[in-house]
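> Right, I'll just put the structure down here and ask away after.
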Amino acid sequence: MATIASQASEALNRADYRTAISLYTQALANLPTAVDYYIKRSTAYQRSAKYKEALNDAETAVALAHQRGKRELIGQAQLRRGISCYLLEQYGDAAFCFGLGKKFLDQKEKSVDMWISKVELVLRDTAKVPEDDFRREVTIKEIPDVKIPTDAPAAAPQAVVQEEKQESKPATTPVPSPKGVVTPRDKIRHEWYQTNTHVVFTLYVKGVPKESSSIEIEDQAISINFPLPNSSDFQYNLDPLFAPIDPTTSTFTILSTKIELKLTKKKPGEKWKTLEGIPLDKGKGRETSSASTFDVPTTPDVHTSPSSVGPTYPTSSRKGPKNWDKVADELAKPDGTTGEGADQDEEGDPVNFFFKKLYKDADPDTKRAMMKSYIESNGTALSTNWAEVGKGKVETSPPEGLVAKKWDE
């Protein structure tokens, strides 16, 4: 039986789902309580777009796993059950299953977080799934009411095997099975570039099966999902994007070596600084993305010119060199203008907060002293004493052990 199961696993890994289903069916005829076989056959059904059959196997796996009390198997079965519900557009049920799967799975299993983000993205879109839509309802229980198989071997499914043999007779030469994804997970990378009207996103991965892939383009998010050879799924989510796009005119292409998305900007001419924006309702981005997206190495697309960085001066501060040009710009702003925000400075950089508060509450002479001393000393001194500063030029005063030089020396 181990031989049939190993052959089934190999067929699943090379994306030969029809053979995998047939072999797992034979294996289950001899070992009808093998939870892993139901999970794997559910995976093969799902990737063959037979979602109801995938759900049936997943629910049987859930019931058997609970009977055995195996937490890892319960989590994997609930995850597979949730994926089947999602593909059947039972979004409320899918979210329920993913929540159960997360409770039982190890924290290292990131795919459940990715699917949670995926279903949350759909449920947030009230245009696609209205608030009163039945697809939002939870209609299932934690342990499904299914007939649990016994250990007694079932009759071998000869009809299924015979049917597949008959269907294969017309073929005169064997047709090679699709190999599926051949790029290792850690070698998958992406890059992007933009024009005035579009953002072009490319995911470099070889052998992605079109029939088993899912790519969704929303007005502020993208989601890519396809199977990997080890029976797991690859998910890449960006939510939200840096700026809105037009999903109706955006396109994607799955090629032999890459997946390419051409996203239409809603505001032509808008310059995207990054690919992903800042979530409004989350404290941080995901490995969803979302940290529920899978991290993929990216090719840098923005280079900072040395001239765009202001001068810094040696300091003993634990926060490193201070950009005094930025401090001066902030000090010179009128009252009520706080740049990135006074609260941010107070929590993140107490030095900035101190000087801004000092300048804001100071009298005119103190403000003049601060500005004059800073500018004339080339950012190496800051005084609040106008009586002293007003007497003459404030000389550059570099830290001990350093020598001040002109910029062209």
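Under the working numbering, the first residue of the sequence shown is numbered 115, with each subsequent residue one higher. Backbone N, C-alpha and C define an ideal beta-carbon position, used for all residues, glycine too.
With a cut-off of 8 Å, do at least 3 Cβ pairs link the segment 236–243 to the segment 200–212?
yes
> Is the number of C-beta pairs between the segment 368–381 and the segment 322–336 that are closer than 8 Å three or more?
The answer is yes - the segment 322–336 touches the segment 368–381, with three or more Cβ pairs under 8 Å.
> So, do the segment 208–225 and the segment 329–338 have three or more beta carbon pairs nearer to each other than 8 Å?
no
> CB-CB under 6 Å to residue 454, same chain, minus the five flanking residues each way: which ones, in chain order?
Summary for residue 454: the model assigns pLDDT 45, below 50, so the residue's position carries little reliability; its value from the coordinates is reported in the next sentence. There are no such residues.
> So, at 6 Å on beta carbons, what are the nonlocal neighbours of residue 297 in its own chain, with the 5 sequence-adjacent residues on each side left out?
319, 320
> Determine the DSSP secondary structure at residue 236, reduced to helix, strand or coil.
helix
> By a C-beta neighbour count over all protein chains shown, 10 Å radius and 16 as the cutoff for buried, is residue 346 buried or exposed?
Residue 346 should be labelled exposed.
> Which same chain residues end up closer than 6 Å to residue 480 when comparing Cβ atoms and leaving out the 5 residues on each side of it in sequence?
498
> Can you pull the DSSP bridge partners for residue 348?
340
> Kindly list the residues whose CB is nearer than 6 Å to the CB of residue 187, restricted to its own chain and excluding five residues on each side of it in sequence; keep chain order.
149, 179
> So residue 181 is in the alpha helix (DSSP H); what residue range does that whole segment cover?
165–182
> Return helix, strand or coil for residue 507, following the three-state DSSP convention.
coil
> My parser needs the alpha helix (DSSP H) runs of 4 or more residues fully inside the segment 179–212; what are they?
185–201
> Should residue 487 go down as buried or exposed, given a rule of 16 or more other Cβ atoms within 10 Å for buried?
buried
> Whole-angstrom Cβ separation of residue 129 and residue 294, contact assumed at under 8 Å?
Contact annotation, residue 129 with residue 294: C-beta distance approximately 4 Å; criterion of less than 8 Å satisfied.
> For residue 363, is the classification buried or exposed, using 16 other Cβ atoms within 10 angstroms of its Cβ as the cut-off for buried?
Of the residues assessed, residue 363 falls on the exposed side of the cut-off, its CB having fewer than 16 other CB atoms within 10 angstroms.
> Starting from the C-beta of residue 194, find all residues in its chain whose C-beta is less than 6 Å away, skip the five residues before and the five after it, and write them out in chain order.
153, 156, 172
> Could you tell me the alpha carbon to alpha carbon distance between residue 315 and residue 357, rounded to whole angstroms?
14 Å
> With which residues is residue 366 paired in a DSSP beta bridge?
Beta-bridge pairing links residue 366 to 375.
> Since residue 349 and residue 225 should fall inside the 8 Å C-beta cutoff, what is the C-beta to C-beta distance between them, to a whole number of angstroms?
Your pair residue 349 and residue 225 checks out as a contact, with CB atoms roughly 7 Å apart and the cut at 8 Å.
> Below 7 Å CB to CB, which residues in the same chain sit around residue 412 once its five sequence neighbours on both sides are set aside?
Caution applies to residue 412, whose pLDDT of 47 falls short of 50 and renders its modelled position unreliable; the value that the coordinates give is listed next. Only 303, 304, 305 meet the Cβ criterion.
> Could you tell me the distance, in whole angstroms, from the CA atom of residue 245 to the CA atom of residue 390?
27 Å
> Mapping the DSSP letters down to three states, classify residue 316 as helix, strand or coil.
Strand at residue 316.
> Could you tell me how far apart the beta carbons of residue 214 and residue 256 are, in whole angstroms, since I believe they sit closer than 8 Å?
6 Å
> Quick check: residue 212 and residue 229, are their CB atoms within less than 8 Å of each other?
yes
> Who are the Cβ neighbours of residue 384 in its own chain at under 8 Å, not counting the five residues just before and after it?
357
> Does DSSP classify residue 256 as helix, strand or coil?
coil
> By how many angstroms is the C-alpha of residue 381 removed from the C-alpha of residue 158?
42 Å
> Helix, strand or coil for residue 425 per DSSP?
Here the model assigns residue 425 a pLDDT of 46, short of 50, so the residue's position is not dependable and the matter cannot be decided.
> Which same chain residues, not among the five before or five after residue 233, have their C-beta less than 7 Å away from its C-beta?
200, 205, 208, 209, 212
> Would you mind sorting residue 387 into buried or exposed? The rule is 16 or more other CB atoms within 10 Å of its CB.
exposed
> Out of curiosity, what's the CA-to-CA distance linking residue 311 and residue 338?
22 Å
> Under the assumption that residue 175 contacts residue 191 (Cβ atoms under 8 Å), give the Cβ distance between them as a whole number of angstroms.
4 Å
> What did DSSP end up calling residue 229 once you bin it into helix, strand or coil?
helix
> So what's residue 124 in DSSP terms, helix, strand or just coil?
Correct three-state label for residue 124: helix.
> Could you say which of 355, 353, 378 lies nearest to residue 365 if we only look at CA atoms?
378
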